[in-house]
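*Asks:* Chains as they are written, first to last, in our numbering: chain V, 1 to 333; chain X, 1 to 333. Ideal placement from N, C-alpha and C gives every residue a C-beta, glycine not left out. All values reported here derive from a predicted model rather than from experimental measurement. Right, I'll just put the structure down here and ask away after.
Number of protein chains: 2
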Amino acid sequence: MSRRQFVNDPERVVPEALEGLVLAHPGLLSLHPDPAYVTRAEPATGKVALVSGGGSGHEPLHTGFVGAGMLDAAVPGAVFASPTAWQVAAATTAVDAGRGVLQIVKNYTGDVLNFRIAAELAGDEGIAVEQVLVDDDLASERPGDEGPGRRGTAAVVVVEKLCGALAEQGAGLPELARFGRDLVRDARSMGLALAAGAHPGEHAPAWELADDEVELGVGIHGERGVGRRPFASADELTADLLDRLVAALGLRRGDRVLTVVNSLGATHGLELALVNRAVHRLLGGRGVEVARGLVGPYVTSLDMAGLSITLVRADDTRLALWDAPVRTPALTW
Amino acid sequence: MSRRQFVNDPERVVPEALEGLVLAHPGLLSLHPDPAYVTRAEPATGKVALVSGGGSGHEPLHTGFVGAGMLDAAVPGAVFASPTAWQVAAATTAVDAGRGVLQIVKNYTGDVLNFRIAAELAGDEGIAVEQVLVDDDLASERPGDEGPGRRGTAAVVVVEKLCGALAEQGAGLPELARFGRDLVRDARSMGLALAAGAHPGEHAPAWELADDEVELGVGIHGERGVGRRPFASADELTADLLDRLVAALGLRRGDRVLTVVNSLGATHGLELALVNRAVHRLLGGRGVEVARGLVGPYVTSLDMAGLSITLVRADDTRLALWDAPVRTPALTW
Numbered sequence: 001m002s003r004r005q006f007v008n009d010p011e012r013v014v015p016e017a018l019e020g021l022v023l024a025h026p027g028l029l030s031l032h033p034d035p036a037y038v039t040r041a042e043p044a045t046g047k048v049a050l051v052s053g054g055g056s057g058h059e060p061l062h063t064g065f066v067g068a069g070m071l072d073a074a075v076p077g078a079v080f081a082s083p084t085a086w087q088v089a090a091a092t093t094a095v096d097a098g099r100g101v102l103q104i105v106k107n108y109t110g111d112v113l114n115f116r117i118a119a120e121l122a123g124d125e126g127i128a129v130e131q132v133l134v135d136d137d138l139a140s141e142r143p144g145d146e147g148p149g150r151r152g153t154a155a156v157v158v159v160e161k162l163c164g165a166l167a168e169q170g171a172g173l174p175e176l177a178r179f180g181r182d183l184v185r186d187a188r189s190m191g192l193a194l195a196a197g198a199h200p201g202e203h204a205p206a207w208e209l210a211d212d213e214v215e216l217g218v219g220i221h222g223e224r225g226v227g228r229r230p231f232a233s234a235d236e237l238t239a240d241l242l243d244r245l246v247a248a249l250g251l252r253r254g255d256r257v258l259t260v261v262n263s264l265g266a267t268h269g270l271e272l273a274l275v276n277r278a279v280h281r282l283l284g285g286r287g288v289e290v291a292r293g294l295v296g297p298y299v300t301s302l303d304m305a306g307l308s309i310t311l312v313r314a315d316d317t318r319l320a321l322w323d324a325p326v327r328t329p330a331l332t333w
Numbered sequence: 001m002s003r004r005q006f007v008n009d010p011e012r013v014v015p016e017a018l019e020g021l022v023l024a025h026p027g028l029l030s031l032h033p034d035p036a037y038v039t040r041a042e043p044a045t046g047k048v049a050l051v052s053g054g055g056s057g058h059e060p061l062h063t064g065f066v067g068a069g070m071l072d073a074a075v076p077g078a079v080f081a082s083p084t085a086w087q088v089a090a091a092t093t094a095v096d097a098g099r100g101v102l103q104i105v106k107n108y109t110g111d112v113l114n115f116r117i118a119a120e121l122a123g124d125e126g127i128a129v130e131q132v133l134v135d136d137d138l139a140s141e142r143p144g145d146e147g148p149g150r151r152g153t154a155a156v157v158v159v160e161k162l163c164g165a166l167a168e169q170g171a172g173l174p175e176l177a178r179f180g181r182d183l184v185r186d187a188r189s190m191g192l193a194l195a196a197g198a199h200p201g202e203h204a205p206a207w208e209l210a211d212d213e214v215e216l217g218v219g220i221h222g223e224r225g226v227g228r229r230p231f232a233s234a235d236e237l238t239a240d241l242l243d244r245l246v247a248a249l250g251l252r253r254g255d256r257v258l259t260v261v262n263s264l265g266a267t268h269g270l271e272l273a274l275v276n277r278a279v280h281r282l283l284g285g286r287g288v289e290v291a292r293g294l295v296g297p298y299v300t301s302l303d304m305a306g307l308s309i310t311l312v313r314a315d316d317t318r319l320a321l322w323d324a325p326v327r328t329p330a331l332t333w
């Protein structure tokens, strides 16, 4: 069976999609086409600016989280490819309002490199820049200090929301960076897939999977998982992910968490709701309270049939920041 | 390739998903489990109540549109099956606040029958009920008055939003019914698919399609389309749908429309954004203004890879109602 998509020129998918996105949200977003980045339609003043970005194909991430209470700019690369340092530097310079810029970066080699160069370029223009590196993907954890470390996945939405709210309250750049880094230490995610997604213009999924298998620990760039396990019920698959996440965070009875039950692309709302039910029941059974949660497509991997679960330790401060108003294409309350 | 889904007992998908949905939105939604319906967590007073519903598998429709500014209750049937008359009657009775109930019904035989019986049952209890029947699907239009008429699809979201806003302003039941019926006459939709979806628990899509074909005029219940056409670019496929919709509504230079670029399930945000760009360019080229628009998964057909486009004639009154505040799981501003 083919995995065809709605596409014109595969090489033009990202610029065309950016144009279509901003047309859908004229009151919220503004597009700078070259170098490409998206900012708020009404720039904020008097606060630290937040910039994020990364490869495209994960929509609504990151462009869908630009707006009051979250990001000031998002910088999209090609599908599954880092934006250039010049794109990031241009966005960083554009949104600085005199109080500096917090860059929220998912931990991938290209992103880390290009955001670092961009920070140096902006620094040369006298703009203070700090970074929060998001590395929540438990599946990519390796013993010791070897390799690039854990990948950044759906916890980035929680980091953008909470840091965004704190910036809106007037926090300074060092406080924001400290807050964000503490938050990342308390966040872990893990995903699994029932079928890979396909790149725009390609008619076959990135990889095939036997009918009785689940790909465990998939990344958001079409990477295969770290293993396979037998297909099972939504409750059993949810329990498999949760057991690992709870152990990694050392959660105990009485702890509270923010959760993200995230579609990786083609997973339907009915399925996500079933998994959210299981998350509440299984964590509740361990005495861990789901204090707040998102359920939906937030950090996708093209049209992958799969999902990820993110747990973030919550406290009163974090929950108040979570509840603060937000108005972006993908998150509004 | 399998189309497996996250599911426990296929017979329990809907009640389990309802539980998971309400857990995700505790401040917005309240679940009445038996007979099953969803209401606002904080019931409205002093206004006409709005009730909709229909088969499940179209999420976020209808449960995702319960809340201030839209529905007072949504009544979900089994996957692709009408809710029972008793479910609808119970919801209708529960949300009546003394000013009557407007039922918004998609035009399918089972829904029409069961909402009509429910209206009579509620009438027996002294509750005034009016209905707006939504029949926007151009693909199901037949010459003459034969058959069940056009099916109801994604225009129902616009009807629920605008009638919801008008009810919130204090409009009476007859005015709401008149407004809704006029609106439906000015709304048409049409969809197409690149691959069928699969029922929860089934491992194969409802039907197969050749790699070079597109199924044109698909319904939202896995019905095959009214024809096939060659696969083509996003721009060409969008133009094919738009040509038919513009002709059906008799749109002319200077007209304004509300649009819904709707994922039928597995279609990615990048693809929808491309199609939204084409909608703006193609309508703009005809002198028709896209005054407001939604782009996203609003009325899905399980995990179908496909989309629909809805056009609704707009005027100042309708646009003001569109812009009125709304707070539901799937639509908030």
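Would you report the Cα separation of Phe6/X and Val14/X, rounded to the nearest angstrom?
*Replies:* What you label residue 6/X is simply residue 6 of the second sequence in a count that begins at 1. What you label residue 14/X is simply residue 14 of the second sequence in a count that begins at 1. The alpha-carbon atoms of Phe6/X and Val14/X are separated by roughly 13 Å.
*Asks:* Which residue's Cα is closest to the Cα of Leu194/V: Ser233/V, Ala330/V, His25/V and Leu23/V?
*Replies:* For the purposes of this step, residue 194/V is taken as the residue at position 194 of the first sequence. Minimum Cα distance to Leu194/V is reached at Ser233/V.
*Asks:* Determine, for Val334/V, whether the minimum Cβ-Cβ distance to residues of chain X falls below 8 Å.
*Replies:* No answer is possible for residue 334/V: the residues shown for chain V start at 1 and end at 333.
*Asks:* DSSP on Ser301/V, reduced to helix/strand/coil?
*Replies:* For the purposes of this step, residue 301/V is taken as residue 301 along the first sequence, with counting starting at 1. Three-state result, Ser301/V: strand.
*Asks:* Quick check on Met1/X - is its C-beta less than 8 Å from some C-beta in chain V?
*Replies:* The residue you call residue 1/X lines up with position 1 of the second sequence. Note on Met1/X: pLDDT 47, under 50, position unreliable in the model; the coordinate value appears next. Closer than 8 Å to some Cβ of chain V, the Cβ of Met1/X qualifies, so yes.
*Asks:* Can you grab the Cα-Cα spacing for the pair Ser140/V / Asn114/X, in whole Å?
*Replies:* Position 140 of the first sequence, counted from the first residue, corresponds to residue 140/V. Position 114 of the second sequence, counted from the first residue, corresponds to residue 114/X. The straight-line gap from Cα to Cα measures roughly 52 Å.
*Asks:* Please check if any C-beta of chain V sits within less than 8 Å of the C-beta of Asp235/X.
*Replies:* Within the second sequence, numbered from 1, the residue matching residue 235/X stands at position 235. With 8 Å as the cut-off, Asp235/X counts as an interface residue toward chain V.
*Asks:* Going by the beta-carbon positions, is the gap between Ala41/V and Ser30/V smaller than 8 Å?
*Replies:* Sequence index remark: in the first sequence, residue 41/V carries index 41 (1-based). Sequence index remark: in the first sequence, residue 30/V carries index 30 (1-based). It is a contact, given that the beta carbons lie within the stated cut-off.
*Asks:* Can you tell me where the beta strand (DSSP E) holding Thr92/X begins and where it ends?
*Replies:* What you label residue 92/X is simply residue 92 of the second sequence in a count that begins at 1. Taken as a continuous stretch (DSSP letters only), Thr92/X belongs to no beta strand (DSSP E), being part of the alpha helix (DSSP H) at Ala85 to Val95.
*Asks:* Could you compute how far the alpha carbon of Arg313/V sits from the alpha carbon of Arg256/V?
*Replies:* The residue given as residue 313/V occupies position 313 in the first sequence. The residue given as residue 256/V occupies position 256 in the first sequence. Between Arg313/V and Arg256/V, the C-alpha separation is close to 6 Å.
*Asks:* Just to confirm my understanding: we take Asp137/X, look at its own chain, exclude 5 residues before and 5 after, and list those with CB closer than 6 Å. What are they?
*Replies:* In the second sequence, residue 137/X corresponds to position 137, counting from 1. Excluding positions up to five away in sequence, the list reads Arg150, Arg151, Thr153 and Ser189.
*Asks:* With distances taken Cα to Cα, identify the nearest neighbour of Val198/V among Gly98/X, Trp207/X and Thr267/X.
*Replies:* Along the first sequence, one-based indexing puts residue 198/V at 198. Note that residue 198/V is Ala in the sequence shown here, rather than Val. Among Gly98/X, Trp207/X and Thr267/X, the Cα nearest to that of Ala198/V is on Thr267/X.
*Asks:* Go to Lys106/X, then tell me how far its beta strand (DSSP E) extends in each direction, as first and last residue.
*Replies:* The sequence position of residue 106/X within the second sequence is 106, counting from 1. Looking at the DSSP string, the run of the beta strand (DSSP E) that includes Lys106/X is Val101 to Lys106.
*Asks:* For Ala187/V, report the span of its beta strand (DSSP E) as first-last.
*Replies:* Taking the first residue of the first sequence as position 1, residue 187/V is located at position 187. Note, Ala187/V: beta strand (DSSP E), Ala187 to Ala195.
*Asks:* If you drop the 5 nearest sequence neighbours on each side, which residues of the same chain put their C-beta closer than 6 Å to that of Met1/V?
*Replies:* Within the first sequence, numbered from 1, the residue matching residue 1/V stands at position 1. Reliability of the predicted coordinates at Met1/V is poor, the pLDDT of 47 falling under 50, and the value obtained from them is presented with this limitation in mind. Correct list: empty, nothing qualifies.
*Asks:* Using DSSP with H/G/I as helix, E/B as strand and the rest coil, what is Asn114/X?
*Replies:* What you label residue 114/X is simply residue 114 of the second sequence in a count that begins at 1. Looking at Asn114/X - three-state DSSP - the assignment turns out to be helix.
*Asks:* Check whether chain V comes within 8 Å of Ala89/X, counting only Cβ atoms and requiring the distance to be less than that.
*Replies:* Sequence index remark: in the second sequence, residue 89/X carries index 89 (1-based). Ala89/X does not count as touching chain V.
*Asks:* I'd like to know whether the C-beta atoms of Val261/V and Val295/V end up nearer to each other than 8 Å.
*Replies:* The residue labelled residue 261/V in the question sits at position 261 within the first sequence. The residue labelled residue 295/V in the question sits at position 295 within the first sequence. A contact, by the Cβ cut-off of 8 Å.
*Asks:* For Val79/X, tell me which candidate among Glu271/V, Pro76/V and Asp182/V has the shortest Cα-Cα distance.
*Replies:* Here residue 79/X refers to the residue found at position 79 when the second sequence is read from its first residue. Ranking the options by Cα distance to Val79/X, first place goes to Glu271/V.
*Asks:* Mind checking the stretch 34–56 of chain X against chain V and listing, in chain order, the residues whose C-beta falls within less than 8 Å of any C-beta there?
*Replies:* Those residues of the stretch 34–56 of chain X that come within reach of chain V (Cβ to Cβ, closer than 8 Å) are Ser56.
*Asks:* Within 8 Å, do at least three Cβ pairs link the stretch 155–167 of chain X to the stretch 93–113 of chain X?
*Replies:* Taking 8 Å as the limit for Cβ pairs, the verdict is that the stretch 155–167 of chain X does touch the stretch 93–113 of chain X.
*Asks:* Taking the alpha carbon of Leu241/V as the point to measure from, which residue in Gly100/V, Gly77/V, Ser308/V and Pro83/V has its own alpha carbon closest?
*Replies:* In the first sequence, residue 241/V corresponds to position 241, counting from 1. Minimum Cα distance to Leu241/V is reached at Ser308/V.
*Asks:* Does any residue of chain X bring its CB to less than 8 Å from the CB of Leu21/V?
*Replies:* Taking the first residue of the first sequence as position 1, residue 21/V is located at position 21. It does; some Cβ of chain X falls within 8 Å.
*Asks:* Just the Cα atoms here: how many angstroms apart are Phe337/X and Glu146/V?
*Replies:* Residue 337/X lies beyond the stretch modelled for chain X, which goes from 1 to 333, so this question has no answer here.
*Asks:* Please report the distance separating the alpha-carbon of Gly265/V from that of Ala305/V.
*Replies:* On the first sequence, residue 265/V is found 265 positions in, with the first residue counted as 1. On the first sequence, residue 305/V is found 305 positions in, with the first residue counted as 1. Those two C-alpha atoms are separated by around 6 Å.
*Asks:* If you measure from the beta carbon of Gln334/V to each beta carbon in chain X, is any gap under 8 Å?
*Replies:* Here chain V comprises residues numbered 1 to 333, so residue 334/V is not present and cannot be evaluated.
*Asks:* Would Asp316/V pass as an interface residue toward chain X - the criterion being a Cβ-Cβ separation below 8 Å?
*Replies:* Reading the first sequence from its first residue, position 316 is the one you call residue 316/V. So no, Asp316/V is outside the interface.
*Asks:* Nearest by alpha-carbon distance to Gly335/X: which of Ala155/X, Asp303/X and Arg277/X is it?
*Replies:* Outside the displayed span of chain X (1 to 333) sits residue 335/X, for which this structure offers no information.
*Asks:* Note down, one range per segment and in chain order, each alpha helix (DSSP H) of at least 4 residues found wholly within the stretch 262–307 of chain V.
*Replies:* The stretch 262–307 of chain V contains these whole alpha helix (DSSP H) runs: 269–285.
*Asks:* Could you check which residue in Thr84/X, Ala49/X and Val75/X has the C-alpha nearest to that of Glu130/X?
*Replies:* Position 130 of the second sequence holds residue 130/X. Nearest of Thr84/X, Ala49/X and Val75/X to Glu130/X, Cα basis: Ala49/X.
*Asks:* Is DSSP giving Pro33/V helix, strand or coil here?
*Replies:* On the first sequence, residue 33/V is found 33 positions in, with the first residue counted as 1. Pro33/V falls in the strand class under three-state DSSP.
*Asks:* Pick helix, strand or coil for Asp137/X, following the three-state DSSP scheme.
*Replies:* On the second sequence, residue 137/X is found 137 positions in, with the first residue counted as 1. Three-state result, Asp137/X: strand.
*Asks:* What are the start and end residues of each continuous alpha helix (DSSP H) run of 4 or more residues lying completely inside the stretch 192–258 of chain X, in chain order?
*Replies:* Taking only runs of at least 4 residues, the alpha helix (DSSP H) segments lying wholly in the stretch 192–258 of chain X are 234–249.
*Asks:* Going by the DSSP bridge assignment, what does Pro76/V pair with across the sheet?
*Replies:* Here residue 76/V is taken as the residue at index 76 of the first sequence, counted from 1. Pro76/V is bridged to Gly54/V.
*Asks:* How about Thr238/X and Val214/X: do their beta carbons lie closer than 8 Å?
*Replies:* Taking the first residue of the second sequence as position 1, residue 238/X is located at position 238. Taking the first residue of the second sequence as position 1, residue 214/X is located at position 214. Not in contact: Thr238/X and Val214/X (Cβ atoms no closer than 8 Å).
*Asks:* At a CB distance below 9 Å, what residues from the stretch 248–276 of chain V approach chain X? Give them in sequence order.
*Replies:* Flagged, chain order: Val261, Gly265, Ala266, Thr267, His268, Gly269, Leu270, Glu271, Leu272, Ala273, Leu274, Val275 and Asn276.
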